[in-house]
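Below is one structure, written out as structure tokens; comments come after it.
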Amino acid sequence: MQSRRQFLATTSGAAALAIAGIPRQARAAGAVSYWHHFTSQTEMAGLADVAALFEAASGATVSSEGIPNAQYMSKVTTASVAGGLPETLMVTSERLPDIAALGAIAAVTDRIDDWAHKDNFTADAWDGISLEGEAYGVPAFSFVNWVYYRKDWFDELNLKVPDTYEEFQEVAIALSDPSKGRYGFGLRGGDGGQNYLLDVLESYGALNYADGKATLDTDAARAAMGWYAGLATEHNAVPPSAANDSYRQMMEGFKTGQTGMIWHHTGSLIELSEAMEEGQIGTMMRPAGPAARIARVNYLYNSISGKGDMDAAWDWISFWAEPDAAIALLEATGYFPATSAVASDPRITGNDIYTAALETLKIGVGSPKIVGFSGWLSGTVLSEFQKILVGTSNVEDAVDRMARELDKEMR
Amino acid sequence: MGVGVDSGRRPFTGGRLGRAIGAMSETRSWPFLLIVPSLLVILLVVLYPTLHGISLSFREMRLTRPDLGTGFVGLRHYVDLWHDDIFWRSLANTFKWVTLAVSLELAMGMISALALNREGPLMRICTVLVLLPWFLPNVVAANMWALMLDARLGVVNELLVRMGLIDSYVAWFATPTSGLLAAVFIEAWHGYPFFTLLILAGLKAIPKDLYQAASVDGAGSYQAFRNITLPMLRMIVVTAVILRVISLANSPELLLILTGGGPGDSTQVISLYAFKTAYESFDFGYAGALSVVTLLLLMVFCVIYLRVSRVLEK
């Protein structure tokens, strides 16, 4: 009978032989814990597919935990202070400065420099996860911002796809018929709406970035907030619930025929296509504002906390760049691959509905990475915008407070 | 079989330590010594975190700005708070939120407890049904009601339209007034079983002969309720109100899910503001100041309320 020591020696030798037989990319063994903020069924299915491929290739197991996006930062903050971070976690560009400042993620620059896939990512993709010359993670997939619209409504009313904010407003008004509960634009004024407000402010040239700080051009900000809020307060072109509408409400509004256009990213395509009839959905680029056409190409990243087995953690986060993993995620969720190599796959370039996304990729920008900026957007800008929507404030007062709070935050 | 003196062992006397403890147990300080272990535990798990939280409010503590350090800033956070419009709005909202919700919960709890305080074959099932909302976690209750009150798919809107009470679906959480009232209603639905449970226990403890005696004296139901039930329940109601006020003032999760404090801070309460300051702006120093103010306000409330209700008087 084998002793326990002999048994361990035998099995570890066999494991070493097995590991030697698979690519270095997938040499992890054991378990890797992973925090993410996926919520929808398609996202969960996509994650399960990627994890299954990784487990098959590496023999390791992935134990993932989903945390609602709204509670993600509080959970990471608590775990960072009290201990209990997972080995790997999902990170967005906007949150990178805060999460890095918390010490919740570790730099992986050296590993990336030695990585075969490094050059398959654009400089923008690396920029979104880099701070002061250090890279803190690997791009997992990308979100290309665009506009979904009711193609059948546009055809009925013989409307042209809008290219500028002015045209967008005209089309939104034309599509609206409040007496029938139909509105041109599904404005997201609740949680998450701060990201669209950032786009509008930048489209008017209201935000300037320099030396890791942001400043607000109040005149341009007034014009931006006035235009965006005006869709609701002046033109009645958004649902009355807009001030509290977050992702779910915005999506349901579009699916149920309440709204004719919504701003979101490529990641919603599968969900909308499954819920709606063929020929109802069209996609277009974000309209251009007076100063710029702002559409984000945001990458979602996976990072290593620095706790536990760093090699296994690296293998897991870098596995997402493998073509099989990226295409599996695309097929399940519609999320665009993060690597330029996989994005030129014929399954993407040959599909008309992705034309707007491919055009956006050429001009897309990342999110600003400034400490304290995301807190200002969600805490002040969104709140002030809601006040304008519900009539408890006006554009002038809202922008004054936004400027004051930004100034305080950037000090 | 016993152990006798002849077993060869000497009886246990405790030696010097035992004799010292024995002597000490005869002194007046003995009861105080006995509570020392409990006192130490209380100091560790209650007093230390509280004092730490208070000390945080006098320091710089922004997790994302390590360059600012964690030094003593004196009363700066409190001065900022004095000039902070959102703080004052949150304070007013907290007052409205707690007053409305507790009043509604107390009324619903009293009515349901009186209804359940009778004998009958279905009473136990009814009691369990009435208590059901209390068993639901806040997060579940909030999400469930958010869906039921949804402006597009909500069953409540559909029912109200069919009953002819409203013309079209209402976006309950999209205006300041309806947002706060809808949240208060949901909180009352969720929290009233707490009052039901305590009041029902109090009702069961009231001696039946008091009602019989009152009946002999010609008292009707209302008089019996006013002169026997209410006075006998006073201690329970006062206790329940204090616990509930503290709980509501300190729990932001329902509002966090339903409205996030919006639209435009119209449902922002102090606990939610402190939570967002800590976990969105990562400013634990300012959040600490907000929490200390909440603590002080709750202490003042408890003192005033206990005095006004006179439950501590003989």
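The listed protein sequences correspond, in order, to chains A and B. Residue 197 in the working numbering sits at position 208 of the first sequence, with consecutive numbering throughout. In short: position in the second sequence from 1, add 50, done, that's the working numbering. From the three backbone atoms N, C-alpha and C, an ideal C-beta is built for every residue, glycine too.
Residue i: contacting residues in chain B (beta-carbon distance under 7 angstroms)
i, result
"residue 358(A)", "By Cβ distance, chain B contributes nothing, its closest Cβ being about 12 angstroms from residue 358(A), past 7 angstroms."
"residue 158(A)", "Near residue 158(A) there are no residues of chain B at all, since even the closest Cβ is about 21 angstroms away, more than 7 angstroms."
"residue 63(A)", "329"
"residue 249(A)", "Those do not exist, as residue 249(A) stays about 15 angstroms from chain B at its closest Cβ, beyond 7 angstroms."
"residue 367(A)", "330"
Proximity test, Cβ basis, 8 angstroms: residue i and chain A
i, result
"residue 326(B)", "yes"
"residue 51(B)", "Reliability of the predicted coordinates at residue 51(B) is poor, the pLDDT of 41 falling under 50, and no value is obtained from them."
"residue 221(B)", "yes"
"residue 348(B)", "no"
"residue 202(B)", "yes"
"residue 100(B)", "no"
"residue 224(B)", "yes"
"residue 119(B)", "no"
According to DSSP, residues forming a beta bridge with residue i
i, result
"residue 20(A)", "50(A)"
"residue 139(A)", "270(A)"
"residue 261(A)", "Beta-bridge pairing links residue 261(A) to no other residue."
"residue 250(A)", "138(A), 174(A)"
"residue 23(B)", "Since the displayed chain B opens at 51 and closes at 364, residue 23(B) lies outside it and no answer follows."
"residue 25(A)", "55(A)"
"residue 204(A)", "197(A)"
"residue 316(B)", "Its beta-bridge partners do not exist; DSSP assigns none."
"residue 357(A)", "The partner list for residue 357(A) (beta bridge, DSSP) is empty, contrary to what the question assumes."
8 angstroms Cβ cutoff met for residue i and residue j
i, j, result
"residue 304(B)", "residue 236(B)", "yes"
"residue 340(B)", "residue 355(B)", "no"
"residue 78(A)", "residue 23(A)", "yes"
"residue 137(A)", "residue 308(A)", "no"
"residue 151(B)", "residue 268(B)", "no"
"residue 399(A)", "residue 202(A)", "yes"
"residue 182(B)", "residue 173(B)", "no"
"residue 215(A)", "residue 370(A)", "no"
"residue 321(A)", "residue 34(A)", "yes"
Under 9 angstroms by beta carbon: chain B residues contacting residue i
i, result
"residue 66(A)", "113, 328, 329, 332"
"residue 265(A)", "What residue 265(A) touches in chain B: nothing, since even the nearest Cβ is about 15 angstroms away."
"residue 353(A)", "Within chain B, no residue comes near residue 353(A); the closest Cβ sits about 26 angstroms away, beyond 9 angstroms."
"residue 180(A)", "310, 312"
"residue 33(A)", "Under the 9 angstroms cutoff, chain B gives no residues; its nearest Cβ is about 18 angstroms from residue 33(A)."
"residue 194(A)", "In chain order: nothing, as chain B lies at least about 26 angstroms away."
Chain B within 8 angstroms of residue i, Cβ atoms only
i, result
"residue 379(A)", "yes"
"residue 42(A)", "no"
"residue 121(A)", "no"
"residue 30(A)", "no"
"residue 11(A)", "Here the model assigns residue 11(A) a pLDDT of 36, short of 50, so the residue's position is not dependable, and the following value carries that caveat. With 8 angstroms as the cut-off, residue 11(A) does not count as an interface residue toward chain B."
"residue 214(A)", "no"
"residue 205(A)", "no"
"residue 232(A)", "yes"
"residue 87(A)", "yes"
"residue 372(A)", "yes"
"residue 312(A)", "no"
"residue 411(A)", "This structure gives no information on residue 411(A), because the portion of chain A shown stretches from -10 to 400."
"residue 131(A)", "no"
"residue 364(A)", "yes"
"residue 361(A)", "yes"
"residue 388(A)", "no"
is_contact[residue i, chain E] using C-beta, thresh 8 angstroms
i, result
"residue 245(A)", "In the structure shown, chain E cannot be found, because the protein chains are A and B."
Interface residues of chain A facing residue i [CB-CB closer than 8 angstroms]
i, result
"residue 302(B)", "By Cβ distance, chain A contributes nothing, its closest Cβ being about 11 angstroms from residue 302(B), past 8 angstroms."
"residue 187(B)", "Simply none; closest approach about 14 angstroms."
"residue 116(B)", "90"
8 angstroms Cβ cut-off: residues of chain B touching residue i
i, result
"residue 350(A)", "None at all; the shortest Cβ gap to chain B is about 31 angstroms."
"residue 241(A)", "200, 202, 203"
"residue 271(A)", "Going along chain B, no residue has its Cβ under 8 angstroms from residue 271(A), so there is no contact; the nearest lies around 22 angstroms."
"residue 170(A)", "218, 219"
Listed by chain order, chain A residues near residue i by CB distance under 7 angstroms
i, result
"residue 217(B)", "The premise fails here: residue 217(B) is roughly 11 angstroms from chain A at the closest Cβ pair, so nothing lies under 7 angstroms."
9 angstroms Cβ cut-off: residues of chain A touching residue i
i, result
"residue 316(B)", "375, 376, 379, 381"
Within 8 angstroms, do at least three Cβ pairs link the region 238 to 256 of chain A to the region 195 to 208 of chain A? Too few Cβ pairs lie closer than 8 angstroms, so no.
Give a yes or no on contact between the region 162 to 172 of chain A and the region 183 to 190 of chain A, applying the rule of three or more CB pairs nearer than 8 angstroms. They do not touch, by the three-pair rule.
Contact between the region 74 to 91 of chain A and the region 344 to 359 of chain B (3+ Cβ pairs under 8 angstroms): Touching, no.
Stretch-stretch touch, CB-based, cutoff 8 angstroms, three pairs: the region 264 to 284 of chain B with the region 325 to 342 of chain A: Output reads no: the region 325 to 342 of chain A does not touch the region 264 to 284 of chain B.
Does the structure place the region 299 to 306 of chain A close enough to the region 40 to 49 of chain A that three or more beta carbon pairs sit under 8 angstroms? Under the three-pair Cβ rule at 8 angstroms, the region 40 to 49 of chain A counts as touching the region 299 to 306 of chain A.
Per the contact definition of three or more C-beta pairs closer than 8 angstroms, is the region 183 to 194 of chain B in contact with the region 257 to 271 of chain B? No, the region 257 to 271 of chain B is not in contact with the region 183 to 194 of chain B.
Meets three-Cβ-pair contact criterion under 8 angstroms: the region 94 to 108 of chain A and the region 372 to 382 of chain A: Note that the region 94 to 108 of chain A does not touch the region 372 to 382 of chain A; fewer than 3 beta-carbon pairs, one per stretch, sit closer than 8 angstroms.
Taking contact to mean at least 3 C-beta pairs separated by less than 8 angstroms, is the region 202 to 216 of chain B in contact with the region 122 to 142 of chain B? No: the two stretches stay apart, fewer than three of their Cβ pairs being nearer than 8 angstroms.
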